[in-house]
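Using UniProt numbering, you'd call the opening residue of the sequence shown number 1 and step up by one each time.
From the three backbone atoms N, C-alpha and C, an ideal C-beta is built for every residue, glycine too.
Here is the structure we will look at.
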Amino acid sequence: MGGMVCALECVEFVCGLTTVLGLVVFWQLSGIADAELNLGESEVREAHLAKALYFIKIGDKEKALEQLKVTESKTVAVGQKMDLVFYTLQLGFFYMDFDLISKSIDKAKSLFEEGGDWERKNRLKVYEGLYCMSTRNFKKAADLFLDSISTFTTYEIFPYDTFIFYTVLTSIISLDRVSLKQKVTDAPEILTIIGKIPYLSDWPDRANKIGPLFASTLPQWLRAFGVTVEFIDLELSRFIAAGKLHCKIDKVAGVLETNRPDAKNALYQATIKQGDFLLNRIQKLSRVIDL
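What follows is the structure, given as structure tokens:
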């Protein structure tokens, strides 16, 4: 009996909600008709936009996109057309429709060729960065996010601390150590907010404590990968000799030490290689001259 009462209450709620939604749509249509009869083009556009925003609010994707197209047909200013593209992008991210997002970003860029203000251009960078992050293009996402730190105004998709969270994560994945320190670890815009972000509040201290030298024992490697000392020695020695890994194996102490080469060391190695190449060319040239 109780279940039947609950079901009836649910039916009544749905019917009531449907009635309310129908009344809202009727009110929107009445507003559009009144604007078309008694008001100007600007008021007609605002009435159509209000209807589109209503469909966006209730999550009706198809009707929202259809109404946004109608609104666009009555829009002249480039800035207002850009705002309609941003509404479309919000729908795309809500439904994770990457095809819609990609087409909307391309459309926004083509609109900017006709002219556009810097505020909307900076907002588009955040939308495009979020799209790149969603499609695993972390390098481009980090670049776009970093360019938008000081001009962020895209609060309609996430707050500033969430934006900083995404910026730090994509930068950790894609930037080198020097760029990461310059653009992220020492950036005042990030340092002022990062203490409030969970999981990142102590990240600057950890990043500054990371040194170039790290040592791990061979038993740790054996436990982690389930292999023998001979296998580790054979595999790592090949990569070390080829210059793919910057480390050394201390078999006496049973320790594997890794050391990232600095810029001077890399320049020294490059100079040696170029010197060897030049010496070989000179020797070949001398043989030709002797002949």
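Per-residue DSSP class, three states only, for residue i
| i | result |
| --- | --- |
| Leu256 | strand |
| Thr75 | coil |
| Thr217 | strand |
| Ala187 | coil |
| Ile157 | coil |
| Phe98 | helix |
| Phe112 | helix |
| Lys103 | helix |
| Gly275 | helix |
| Phe152 | coil |
Per-residue burial, residue i [other beta carbons within 10 Å of its own, 16 or more giving buried]
| i | result |
| --- | --- |
| Ala64 | buried |
| Val44 | buried |
| Gly211 | Only weak support is given to the placement of Gly211: the predicted model assigns it a pLDDT of 47, under 50, and the value that follows is read from those uncertain coordinates. That one is exposed. |
| Lys51 | buried |
| Val220 | Here residue 220 is Gln; the residue named in the question, Val, does not match the sequence. It is exposed - the Cβ of Gln220 has fewer than 16 other Cβ atoms within 10 Å. |
| Thr217 | exposed |
| Ile56 | buried |
Separation of residue j from residue i, as counted between CA atoms
| i | j | result |
| --- | --- | --- |
| Tyr127 | Leu146 | 13 Å |
| Arg120 | Leu169 | 24 Å |
| Ile282 | Tyr268 | 21 Å |
| Asp83 | Gly116 | 11 Å |
| Phe231 | Val252 | 17 Å |
| Lys61 | Leu124 | 21 Å |
| Thr18 | Tyr54 | Low confidence applies here, because Thr18 scores a pLDDT of 44, under 50, leaving its location unreliable and the question unanswered by this model. |
| Ile249 | Leu278 | 33 Å |
| Ile289 | Ala241 | 36 Å |
| Glu257 | Gln274 | 28 Å |
Boundaries of the beta strand (DSSP E) in which residue i is found, first to last residue
| i | result |
| --- | --- |
| Ile249 | Cys247 to Asp250 |
Residue interval of the alpha helix (DSSP H) (run including residue i)
| i | result |
| --- | --- |
| Asp60 | Note, Asp60: premise wrong, no alpha helix (DSSP H); not H, not E. |
| Arg123 | Trp118 to Ser134 |
| residue 363 | Nothing about residue 363 can be reported from this structure: the residues present for the chain run from 1 to 291 only. |
| Ile173 | Tyr160 to Ser174 |
| Ala142 | Phe138 to Asp147 |
| Ala241 | Val229 to Ala241 |
| Ser179 | Arg177 to Leu180 |
is_contact[residue i, chain C] using C-beta, thresh 8 Å
| i | result |
| --- | --- |
| Asp276 | Absent from the structure: chain C. Only one protein chain is present. |
Handout entry: the stretch 135-152 / the stretch 103-115 touching (three or more Cβ pairs under 8 Å)
Key = no
Handout entry: Stretch-stretch touch, CB-based, cutoff 8 Å, three pairs: the stretch 140-160 with the stretch 169-179
Key = yes
Practice task
Please confirm if the stretch 153-164 is in contact with the stretch 190-198, defined as three or more CB-CB distances below 8 Å between the two stretches.
Solution key: yes
Problem - Stretch-stretch touch, CB-based, cutoff 8 Å, three pairs: the stretch 94-107 with the stretch 73-80 - result: no
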